[in-house]
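Worksheet: one structure, shown below.
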Amino acid sequence: MRNRTAQNLLLFIAAVLWLHQHYPLKTANAQGTWNVLLDNAGIASMHTAVTHYGNVIFLDRTNIGPSQINLTNGVCRDNAIDLTLTHDCSAHSVLFTPGPNTVRPLFIFTDTWCSSGQFGPDGTLVQTGGDNDGLMKVRRFTPCPSDQSCDWVEESDNSLQDGRWYASNQLLPDGRQIVVGGRSVFTLEFIPASGSQKVVLPFLNQTDDAQNDNYYPFVHLLPDGNLYIFANRDSIVYNYQTNTVVKTFPTIPGEPRNYPSAGSSVMLPLQADAENVYGANVEVLVCGGAQPNCFLYPAPFPPASQTCGRISVTGTDAPAWNMEEMPFRRAMGDMVFVASGDVLIVNGAENGCQGWGNAINPTLSPVMYVPGASEGSRFITEAPSTIPRVYHSTANLLPDGRVLIAGSNTHQFYTFTGDFPTELRVEAFSPSYLDSSNDGERPSIVSAPTTIVYGQAFTVQVQVTSAAAEFGVSLVSSPFTTHSFSQGLRFLRLRLVGQVLISGGDSSTSSYSVNVTAPPNSNVAPPAYYMLFVDNQGIPSAAASWVQITNS
Ligand SMILES: *[C@@H]1O[C@H](CO)[C@@H](O)[C@H](O)[C@H]1NC(C)=O
Ligand SMILES: *[C@@H]1O[C@H](CO)[C@@H](O)[C@H](O)[C@H]1NC(C)=O
Ligand SMILES: *[C@@H]1O[C@H](CO)[C@@H](O)[C@H](O)[C@H]1NC(C)=O
């Protein structure tokens, strides 16, 4: 009897410990929960992109020595000009499938180190540049369901017109993508080029400095079709069709913000008005960064930036940076929209800047930035992870509303000792909207169209168990995320036409038709696959529906 009780007590303690480890308790004020999805993804992903099948492309680089996952079927990579391994049987890209949390090795031939990319209108990832033999390459990945064998296809020619190492891409309204800048390259170009020549953009030279704080410029497509481009501490509105600078903004106070200083940026959610017009007041947010010349003189790792700057880029008034202080200093942070349209600021370190061994004091607590809250109460400190994510780490919104966190390798090779080992674990951060306490309000999408046409109304069927129902519908693009910037990220709140109760309406399950209008044109939403989330009183569905926007 005594033995049985003792045994039960031990079982109980073991269960509590297991639960605590797998479902960490929330501390009083810290929201959200963390879960490790996979202990060993085989590679440390420094470039990450979610396909419209919901699986995720992880991409490292080829010249980093063997990874921790081998290619299958005896395939090896024999590349005579690889800088590290000319015969390599390990994979440097994998396809990760959330849910089963499995990976499938992919084959990449040329070096993708610090490359750029963007999904095209048909959902194919167009991926550009890198180092060494990859500097002028274009590669494509056409997604497929996880059990199929899609893989990278690399163009055999050097298709780019300039070498692109640390460039940023943005999908354009006509379905091409623009590739902006790169290491000591003050030009931009288009893919496909279709005969167009590269274009010199003097702004990229003007924002260069001793440690090149103009790498990975922050590029946002504005709803009027122009581009907002931020590099170092300066920014412009640029008309790529006429090659003219339309507007110049004041210099942001504080530190440099781009690589290697490594702040991050988003264009805040675009909201349709009653006439389905977007862009009355478009605002850009830039957060974090590092002290000037941190990269040149790393020791003793100066404190990172603690500020965000927010600026209206469309207003007619003289634009000015509105500065806010974050709860934590952060360099190498990632900024990513969650399904509610708030901005998760995650990963990075409190001291130092990007590069190998250039940072200490990892910022383990993410911060949620609530754009619509009043100034002074826009930052919410979230529950901390236990895993440092510093140089070469990523964050991407999944269609289930979680944020996928991968990578961190502050070394030339895969290194599993020391302060910041190569990080192969994949985590998910669940924002508090996923808490079960919100299940009553949470809508589920019963049906939604798979394609929508610019400016046309469409209907989403939803179910909800709460008596109160006040729906919103949003579209979120799937970016190419690397080096603290999510290239091509945008969040749109659609114009609501109306909601009609189909059945229920009391405290049982109710069905509604929610009618909305698609974005009016491809400046507002370039043609691509988007995640469609429905929210009820701010609580988003826990599963998005992928929708492709087309011209007809
Ligand atoms: C990959 O293959 C090599 C050669 O067969 C082997 O030594 C290594 O252990 C393998 N690595 C993994 C992670 O399986
Ligand atoms: C960049 O600007 C500097 C300083 O104005 C100038 O000397 C240099 O020629 C420019 N470089 C290019 C490639 O335009
Ligand atoms: C919504 O659209 C459906 C058909 O798609 C239509 O029957 C219904 O009247 C519309 N409701 C509103 C409020 O627009």
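Going by mature numbering (1 follows the signal peptide of the UniProt record, and there is no 0), the letters in the sequence shown line up with residues -30 to -1, 1 to 522, in that order. The beta-carbon is built from N, C-alpha and C at its ideal position, and this holds for glycine as well.
Per DSSP, Q324 lies in no alpha helix (DSSP H) and is assigned neither H nor E.
If you ignore the 5 residues before and after T42, its C-beta comes within less than 7 Å of the C-beta of P75, all in its own chain and listed in chain order. The beta carbon of F156 sits closer than 7 Å to at least one heavy atom of ligand 2. With a cutoff of 8 Å on beta-carbon distance, T157 and G224 are scored as not near each other.
Within the region 159 to 233, the complete beta strand (DSSP E) segments of 3 residues or longer fall at 188 to 191, 197 to 201, 204 to 209, 214 to 218, listed in chain order. Secondary-structure assignment with DSSP links Y500 through a beta bridge to S447, V517. Within the region 11 to 89, the beta strand (DSSP E) runs of at least 3 residues that lie entirely inside it are, in chain order, 17 to 20, 26 to 29, 63 to 67, 72 to 76, 86 to 89.
Counting only the Cα atoms, G259 lies some 23 Å from Q382.
Per DSSP, the unbroken beta strand (DSSP E) holding R110 starts and ends at 108 to 111.
According to DSSP, W122 shares a beta bridge with F111. For I78, the number of other beta carbons within 10 angstroms of its own is at least 16, and it is reported as buried.
For G104, the three-state secondary structure derived from DSSP is helix. Taking 8 Å as the cut-off, the Cβ atoms of F503 and S511 count as close. For N5, the uninterrupted beta strand (DSSP E) segment begins and ends at 3 to 8. Contact annotation: the region 6 to 21 touches the region 85 to 93, with at least three C-beta pairs closer than 8 Å. Ranked by how close their Cα comes to the Cα of I199, the residues S231, V169, A180, S235 have S235 in first place. Closest option to F307, judged by alpha-carbon separation, among G151, L238, F265, T284: L238. For D194, the closest of I13, L171, N175, P143 by C-alpha to C-alpha distance is P143. Apart from the 5 residues on each side of it in sequence, D204 sits with its Cβ closer than 6 Å to the Cβ of T177, T221 in its chain, given in chain order.
Cβ-Cβ distances below 7 Å link D48 to T56, H57 in the same chain, with the five nearest sequence neighbours on each side left out; the list follows chain order. With respect to the 8 Å criterion, P489 and L462 are classified as neighbours on the basis of their beta carbons. Secondary-structure assignment with DSSP links F298 through no beta bridge to anything. Bounds of the beta strand (DSSP E) holding T487 are 480 to 487. Distance between V316 and T214, taken at the CA atoms: about 35 Å. Relative to ligand 2, the nearest heavy atom lies less than 7 Å away from the CB of N175. L404 sits in a helix when the DSSP states are folded into three classes.
With a 10 Å radius around the Cβ and a threshold of 16 neighbouring Cβ atoms, M338 comes out buried. Excluding residues up to 5 positions away in sequence, Q181, N182, D183, Y185, A260, C264, F265, C323, Q324, G325, N328 lie with their Cβ nearer than 8 Å to the Cβ of P230 in the same chain.
At a cut-off of 7 Å, the beta-carbon of S60 counts as near ligand 1: some heavy atom of the ligand is closer than that. P273 is bridged by DSSP to N321.
Here I357 is near E397, since their CB atoms are less than 8 Å apart.
Assigned with DSSP and collapsed to three states, E245 falls in coil, not helix or strand. Secondary structure note for T421: its beta strand (DSSP E) is the uninterrupted segment 421 to 423.
Listed as beta-bridge partners of Q261 by DSSP are no residues whatsoever.
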